[in-house]
Every structure is written in C-alpha cells, then in structure tokens.
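Chemist: Residue numbers (the numbering used here): 24 to 560.
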Amino acid sequence: MPSPTPSVVLHDLSFTWPDGTPAVTRLSGAIGQGRTGLVGPNGVGKSTLLRLIAGELAPTGGSVSTTGAVEHLRQHPPVAEDSTVADLLGVGATVAALRRLEAGDSSTAVFDAIGDDWDVEARAIAALDAAGLAVDALDRRASTLSGGEAALTALVGVSLRGAPIALLDEPTNNLDEHGRERVADLVSGWRGALIVVSHDLALLERMDDTAELRDGGLRIVGGPYSALRRQIDVEQEAAQRQLRAAEQSLRTERRQRVQAQERIAHSERQGRKDEANRKYVKAVVHDRRNSAEKAQGARRGMLDARVDTARAAVDAAERLVRDDESISIELPDPAVAAGRRIAVLRGSDGRERVIQGPERVAITGRNGVGKSTLLRGMLDAPGPTDPGRASGEAVTDLVGFLSQRLDALRLDGTVLDNVAAHALSTTAGELRNALARLHLRGAAVDRPVGALSGGERFRVALAQLLLADPPAQLLVLDEPTNSLDIASVDRLVEALGAYRGALLVVSHDRPFLERLDLTAELRLSDDGRLTEVPVAT
C-alpha cells in the first residue's frame with residue numbers, strides 16, 4: 024500500500040500565549056505536497072504557526088495533523104560552542120557511532136545508532152559540496168563557519184535527512200547573494216512537503232503554491248507569490264470600486280435625508296401657521312397634525328434606516344480594502360546640489376569613490392568582507408583605519424542612519440515624541456499629517472513605541488529618518504529589508520523614492536536594490552577593494 028501524500032491539515036487551530044495574548048485564532052486549511060511559500064504581515068503569527076505544525080507548541084484549541092515526520096529549521100538555529108559540522112547537519116550521533124566502530128567498538132548500541140546510514144559521511148560531504156560549501160571534514164568545529172555558512176549547512180542537513188515535511192523560517196535572512204542562490208537551488212529540487220516563511224521575492228518565485236496568513240485566515244493560491252499578488256490586485260480594484268459606490272450611496276442617502284427633513288420642518292411650520300390663523304376648525308387641525316406626525320415619524324425612521332444601511336455597506340467595503348496601501352509623502356528638501364561632495368569611500372588599494380550630489384549607491388559583496396564595518400566607520404569619529412580594509416567618511420554632518428536593530432527608538436516614548444525629537448522646528452500638527460501618510464494614524468501616534476508591532480516600529484524609525492529637520496543629506500541603510508514583511512519593503516521603496524538626498528545602502532536583497540534607481544553599485548571584495556559594477560537599468 025503506497026504511503027500517504029505528506030500534508031498538513033489545520034482544523035480550527037488556536038493558540039494563546041501564557042499571558043493571554045492570542046497568536047492564532049480558529050485557523051483552518053490544508054497544505055499538500057510540493058513547495059509552499061507562507062507570507063503575511065510581520066507579527067501575524069507565521070513563525071508561531073510553524074512551531075505548532077512542528078509540535079513544538081501545543082494548540083490551545085483545534086488541532087494540527089500531519090502525515091509524515093516534520094523537520095523545522097528555525098530562523099536562528101542554535102549552534103553549541105563544541106558542536107561539529109556533523110551536529111549542525113543533524114547526523115552527529117551517526118557519525119560518532121561510525122567513529123566508535125572504526126576504533127573497534129562493535130557493540131549493539133553502535134550498530135543501532137548507525138542503522139542504514141553507512142554512507143552518511145559521503146552523502147553529507149557531497150551535499151555540502153553541491154551547496155557550494157567547501158567543508159571536507161564533518162568533525163570540523165561549527166564555530167569556524169561564518170554565520171551564512173552555518174545557516175546554509177543547517178539547511179543542507181534538513182534536506183539530507185529527507186523528512187517528508189520540512190518547515191523553513193526565513194532561510195535566506197542575512198545570507199549574501201551567493202548563499203541565497205544556493206538556498207534557491209536546494210529548494211528547487213526539494214521533495215515532499217516544504218513550507219517556507221520568507222519575504223525573499225526571488226525565493227518565493229520558486230514556490231508551487233503560496234499561502235497568505237492574514238486577518239485570522241489562511242488563503243492558498245496555486246503558483247508563486249506573483250500569482251497571489253495578481254489575485255490580490257484584481258480583488259483590491261474591485262474592493263475600491265465597491266467602496267467608492269458605497270460611499271456615493273451613503274452621500275446620496277444623507278442628502279435625501281436632509282432634504283426630507285427640510286420638507287418635514289416646512290410642513291410643521293405651515294401647520295403651526297394654519298392653527299395660529301384659525302384657517303381650519305381646531306379639531307381638523309389636531310387630526311391633521313396627528314396624521315402628519317405619524318407620517319413624518321415613519322418617514323424619519325425609513326430615512327434613518329436607509330442611511331444606516333448605506334453606512335454599514337461602507338463599513339463592509341472598507342474591510343475588503345487592505346490597510347497596506349501605498350504611501351505618498353512630500354519630504355523636506357535636503358538641498359543637495361548635483362556636484363556637492365557628500366561622502367568618500369576608499370578601497371584597500373587606496374582608490375577613492377566620491378559620492379556627489381543625490382547619488383544612490385549600493386555596496387554589495389559576500390558575507391564577512393566588511394560592508395557593515397565600512398558603514399560604521401563612516402558614522403563613527405574619524406580615526407586610523409586598517410590598511411587591509413575599505414574605509415569611508417561622510418563629508419556632510421547631516422547623516423541619517425537606519426540600523427537593522429532600530430536602536431534609535433525610545434520604546435517608552437510615544438510615536439510623536441520619537442519623531443519630534445528629530446524635527447524640533449516642525450509643529451505637532453504637521454508631524455501628525457506626515458505620519459498619517461506613513462500609515463501611523465489617530466491613536467497610534469500617541470501610543471508608546473514599545474507597544475507597537477514590528478512593522479509599525481519600522482515605520483516610526485523611517486519617519487525619524489525622513490522627517491528630520493534639518494533633513495539628512497545622506498541616508499545610510501544597513502540591510503534595511505532584513506526581517507521586514509513584503510508590504511513594509513514596498514513602503515520603504517516608496518518613501519526612498521520621495522527622498523532627494525544621497526543614499527548609501529548595504530543589502531543582499533537584489534530585487535530591493537533593483538527598485539531603488541541606483542546610480543552606482545560598488546562590489547567589496549574579500550581583500551577590501553571596491554569595484555564599480557554595471558547597474559541594472
């Protein structure tokens with residue numbers, strides 16, 4: 024009898040954290056064999072859902088059922104100080120048993136540990152080599168690997184062990200372009216059921232299906248992320264049309280209610296006038312008044328009901344329109360003339376590259392070559408530099424820096440306080456209007472930053488940077504899209520599109536860089552040289 028197709032079935036699945044915070048509520052859906060990309064806004068519960076599927080968390084309601092063993096590669100897999108490459112691959116116990124057998128231990132325990140994996144070493148070395156990892160010994164200390172190499176090795180281990188259901192949480196985060204390509208190659212040849220949480224658009228295009236976790240529901244669309252995006256675009260166009268029609272209907276009903284109210288008021292005035300002029304017999308006047316009041320009451324009730332119905336239709340249409348719409352914001356002019364020197368970058372060979380005027384420059388290169396070190400050196404006080412490394416310095420004092428950790432935010436301060444601290448001459452009203460265009464509206468502006476979601480905190484940090492007064496003449500961004508959901512990356516691109524100063528960005532996210540209208544890309548080599556490469560147009 025053939026084995027069942029690997030799958031994951033969620034039935035009314037709920038999970039609440041011990042402090043009472045709900046993470047997943049009555050979620051249902053089924054994911055079958057093949058590669059499925061799992062997307063959704065930051066904080067919606069994607070990582071929690073993976074842990075529930077893996078059995079690391081127990082549901083507080085409903086159920087998760089899986090047909091087949093489950094492997095879960097978390098976003099930051101722990102690496103013990105004394106662990107080996109074999110341990111990172113998940114075959115450490117088998118390799119250790121092989122070593123004991125080679126040393127003469129032929130106990131039953133050794134053979135049980137080896138099982139059928141007699142060729143595990145050869146298969147592991149071959150898999151590492153195919154992934155571009157030059158590891159020739161499984162006994163090598165895992166601590167000697169770079170962060171990117173360790174992450175890729177752990178992923179190779181999941182593939183090597185061949186579990187019928189595999190869960191990957193942001194497998195390309197912090198990887199350079201080479202590492203991302205290797206992950207994409209591994210994913211392309213994956214067998215069984217694979218669920219990948221990611222905001223990496225290139226990786227998401229390798230998926231057979233795309234599942235979106237949003238507003239408490241799970242929607243699955245056949246095809247890669249672009250197929251989901253096309254469907255969403257069609258739905259949003261229809262939702263916008265429905266909303267405009269509902270708003271027009273509400274305006275019409277309100278106008279008709281006002282007009283009817285004016286007619287009723289006129290009729291009441293006429294009745295009082297007739298009674299005062301004794302135009303009709305008093306009993307007749309009272310009969311007419313009573314009849315008119317009943318008719319007018321019924322008329323008011325009908326008009327109120329029609330307005331309420333129209334308002335409910337607007338509310339329903341608004342719920343269909345997503346709140347991650349694009350932004351349009353007018354930013355302060357940093358007054359960066361075309362020929363003005365803004366920053367100087369120097370390679371280890373002494374060659375300089377001057378950033379002039381509102382140039383947009385990307386620094387790319389493999390993990391560990393010193394890209395972030397170069398940025399930090401530019402932002403710190405000038406001092407002696409390592410001749411074997413690239414260096415740089417900002418010529419202008421008006422520099423804004425967006426760090427990966429968003430460490431410029433005061434978590435106990437409100438959104439408005441955090442932004443106002445960088446825009447001392449801008450009024451609170453002006454800041455509120457600008458924040459609204461960054462989708463920070465109403466009561467959210469007066470909430471402490473520590474109470475916001477990750478996506479909202481990112482928008483506050485972006486607002487600090489873009490609404491600063493005086494405005495920054497140079498923006499420096501270090502891997503700004505790491506851990507951002509797709510909608511937040513879109514908002515970042517739109518906001519940077521409105522910025523008129525110079526931009527210096529370090530990123531491995533090629534689709535993101537291609538959307539920035541770069542004027543130059545500098546590739547930093549292992550030996551610290553900066554080489555200008557052609558920019559995609």
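For every residue, glycine included, the Cβ atom is placed at its ideal position computed from N, Cα and C. Given the structure is predicted, the values throughout are model-derived calculations rather than measurements.
1) Run through the DSSP bridge pairs and tell me what Ile378 is partnered with.
2) Could you give the residue range of the alpha helix (DSSP H) that holds Leu421?
3) Which same chain residues, not among the five before or five after Asp35, have their C-beta less than 8 Å away from its C-beta?
4) CB-CB under 7 Å to Leu489, same chain, minus the five flanking residues each way: which ones, in chain order?
5) So the candidates are Thr131, Ala525, Ser249, Arg146; which of them puts its Cα closest to the Cα of Gln379?
6) Strictly by DSSP, which residues pair up with Gly245?
7) Tell me Ser86's beta-bridge partners as DSSP assigns them.
8) Report yes if the C-beta distance between Val93 and Gly78 is below 9 Å; otherwise report no.
9) Could you tell me the alpha carbon to alpha carbon distance between Thr195 and Leu96, rounded to whole angstroms?
10) Would you mind listing the alpha helix (DSSP H) stretches within the stretch 410-479 that are 4+ residues and don't spill past its ends, in chain order?
11) Here's the rule I'm using: 16 or more other beta-carbon atoms within 10 Å means buried, otherwise exposed. How should Met325 be labelled?
12) Exposed or buried, Ser530, counting other C-beta atoms within 10 Å across all chains shown (16 or more means buried)?
13) What distance in whole Å lies between the Cβ atoms of Ala385 and Val528, which are believed to be in contact at a cut-off of 8 Å?
14) CA-CA distance, Arg480 and Ala119?
15) From Val88 to Leu190, what distance separates their C-alpha atoms?
16) Quick one, which of Thr167, Leu236, Asp532 has its alpha-carbon nearest Leu33's?
17) Go ahead and pull the three-state DSSP assignment for Arg538.
18) Here's the rule: buried if 16 or more other CB atoms are within 10 angstroms of the residue's CB, otherwise exposed. What is His99?
19) If you reduce the DSSP assignment to three classes, tell me which class Ala166 lands in.
20) Under 8 Å by Cβ, that's how I've got Leu112 and Val206 pegged, so tell me the actual separation to the nearest angstrom.
21) Of all the beta strand (DSSP E) runs that stay within the bounds of the stretch 89-149, which reach a length of 3 or more residues?
22) Starting from Ile352, trace the beta strand (DSSP E) in both directions and tell me its first and last residue.
23) Tell me whether the beta-carbon of Leu397 lies closer than 9 Å to the beta-carbon of Leu368.
24) Should Gln271 go down as buried or exposed, given a rule of 16 or more other Cβ atoms within 10 Å for buried?
25) Give the single residue among Leu421, Leu461, Ala457 whose Cα lies nearest to the Cα of Leu498.
26) State yes or no: is the C-beta of Val114 within less than 9 Å of the C-beta of Leu161?
27) Ignore the nearest five residues each way along the sequence and tell me which others in Val31's own chain have a CB closer than 6 Å to its CB.
28) Just confirm the distance between the C-beta atoms of Ala495 and Gly436, as a whole number of angstroms; I'd bet it's less than 8 Å.
29) How far does the alpha helix (DSSP H) with Thr554 in it reach, from first residue to last?
30) Have a look at Asp532, Val516, Ser548, Arg552 and flag the residue whose alpha-carbon is nearest the alpha-carbon of Asp540.
31) Helix, strand or coil for Arg383, going by three-state DSSP, please let me know.
32) Taking DSSP as the reference, what is the three-state secondary structure of Glu544?
33) For the beta strand (DSSP E) that Leu498 lies in, which residues bound it at each end?
34) In its own chain, which residues sit with a C-beta less than 6 Å from the C-beta of Val504, not counting the 5 before and 5 after it?
35) Taking the DSSP output, what are the residues bridged to Pro45?
36) Any idea if Ser182 is buried or exposed, counting beta-carbon neighbours within 10 angstroms, 16 or more meaning buried?
Modeler: Quick look at the numbers:
1) For the purposes of this step, residue 378 is taken as residue 355 along the sequence shown, with counting starting at 1. Paired residue(s): Ala366.
2) Position 398 of the sequence shown, counting from 1, holds the residue named residue 421. It is not in any alpha helix (DSSP H) - Leu421 carries neither H nor E in the DSSP assignment.
3) Here residue 35 refers to the residue found at position 12 of the sequence shown. Closer than 8 Å at the Cβ level, and outside the excluded window around Asp35, lie Arg49, Leu50, Ser51, Gly84, Gly85, Ser86.
4) The count along the sequence shown starts at 1 and reaches residue 489 at position 466. So the list reads Leu354, Ala518, Tyr522, once near-sequence residues are dropped.
5) Indexing the sequence shown from 1 puts residue 379 at position 356. The shortest Cα separation from Gln379 among Thr131, Ala525, Ser249, Arg146 belongs to Ala525.
6) Within the sequence shown, numbered from 1, the residue matching residue 245 stands at position 222. In DSSP, Gly245 forms a bridge with Asp232.
7) Within the sequence shown, the letter at position 63 stands for residue 86. According to DSSP, Ser86 bridges with His34.
8) In the sequence shown, counting from the first residue as 1, residue 93 sits at position 70. In the sequence shown, counting from the first residue as 1, residue 78 sits at position 55. Going by C-beta atoms, Val93 is nearer than 9 Å to Gly78.
9) Walking along the sequence shown from the start, residue 195 turns up at place 172. Walking along the sequence shown from the start, residue 96 turns up at place 73. Straight-line Cα distance between these residues: approximately 12 Å.
10) 438-443, 451-460
11) Residue numbering aside, residue 325 sits at position 302 when the sequence shown is read from its first letter. Classification for Met325: exposed.
12) Position 507 of the sequence shown, counting from 1, holds the residue named residue 530. Flag for Ser530 reads buried.
13) Counted from its first residue, the sequence shown places residue 528 at position 505. Counted from its first residue, the sequence shown places residue 385 at position 362. Between Ala385 and Val528 the Cβ distance is about 5 Å, and since that is below 8 Å, they are a contact.
14) To locate residue 480, count along the sequence shown from 1; it is residue 457. To locate residue 119, count along the sequence shown from 1; it is residue 96. Cα to Cα, the separation comes out at about 46 Å.
15) Residue mapping note: residue 88 aligns to position 65 of the sequence shown, counting from 1. Residue mapping note: residue 190 aligns to position 167 of the sequence shown, counting from 1. Note that residue 88 is Ser in the sequence shown, not Val. Straight-line Cα distance between these residues: approximately 14 Å.
16) Start at 1 with the first residue of the sequence shown, and residue 33 comes out as number 10. Among Thr167, Leu236, Asp532, the Cα nearest to that of Leu33 belongs to Leu236.
17) Position 515 of the sequence shown holds residue 538. Reduced to three states, the DSSP call for Arg538 is coil.
18) Against the sequence shown, residue 99 aligns to sequence position 76. Exposed, by the Cβ-count rule.
19) Within the sequence shown, residue 166 is the residue found at index 143, counting from 1. For the record, residue 166 in the displayed sequence is Ser; it is not Ala. Helix at Ser166.
20) Locating residue 112 in the sequence shown gives position 89, counting from the first residue. Locating residue 206 in the sequence shown gives position 183, counting from the first residue. Their Cβ separation, rounded to whole angstroms, is 16 Å, which puts Leu112 and Val206 out of contact at 8 Å.
21) 93-96
22) As a first step, residue 352 is located in the sequence shown; it is residue number 329 there, counting from the start. That residue, Ile352, is in no beta strand (DSSP E); it is neither H nor E in DSSP.
23) As a working note, residue 397 is residue 374 in the sequence shown. As a working note, residue 368 is residue 345 in the sequence shown. Yes; because the gap between Cβ atoms is below 9 Å, this pair is in contact.
24) Start at 1 with the first residue of the sequence shown, and residue 271 comes out as number 248. It counts as exposed.
25) If you number the sequence shown from 1, residue 498 lands on position 475. When each option's Cα is compared against that of Leu498, the closest is Leu421.
26) Here residue 114 refers to the residue found at position 91 of the sequence shown. Here residue 161 refers to the residue found at position 138 of the sequence shown. In this structure, Leu161 lies closer than 9 Å to Val114 by Cβ.
27) As a first step, residue 31 must be located in the sequence shown, where it is residue number 8. The answer, listed in chain order, is Ile54, Ile76, Thr89.
28) Locating residue 495 in the sequence shown gives position 472, where the first residue counts as 1. Locating residue 436 in the sequence shown gives position 413, where the first residue counts as 1. About 20 Å separates the two Cβ atoms, so there is no contact after all.
29) To locate residue 554, count along the sequence shown from 1; it is residue 531. Here Thr554 belongs to no alpha helix (DSSP H); instead the beta strand (DSSP E) covers 553-556.
30) Translated into the one-based positions of the sequence shown, residue 540 becomes position 517. The shortest C-alpha separation from Asp540 is found at Val516.
31) Residue 383 sits at position 360 when you count from the first residue of the sequence shown. Residue state, collapsed to three classes: strand.
32) Here residue 544 corresponds to residue number 521 of the sequence shown, with the count starting at 1. Glu544: strand per DSSP, three-state reduction.
33) On the sequence shown, position 475 is the one that residue 498 refers to. Start and end: 497-501.
34) For the purposes of this step, residue 504 is identified with residue 481 of the sequence shown, where counting begins at 1. The residue asked about is misnamed: residue 504 is Thr in this sequence, not Val. Around Thr504: Val512, Asp532, Phe535.
35) Looking up residue 45 in the sequence shown gives position 22. Answer by DSSP bridge pairing, in chain order: Thr39.
36) Along the sequence shown, one-based indexing puts residue 182 at 159. The residue in question, Ser182, is buried, as its Cβ has 16 or more Cβ neighbours within 10 Å.
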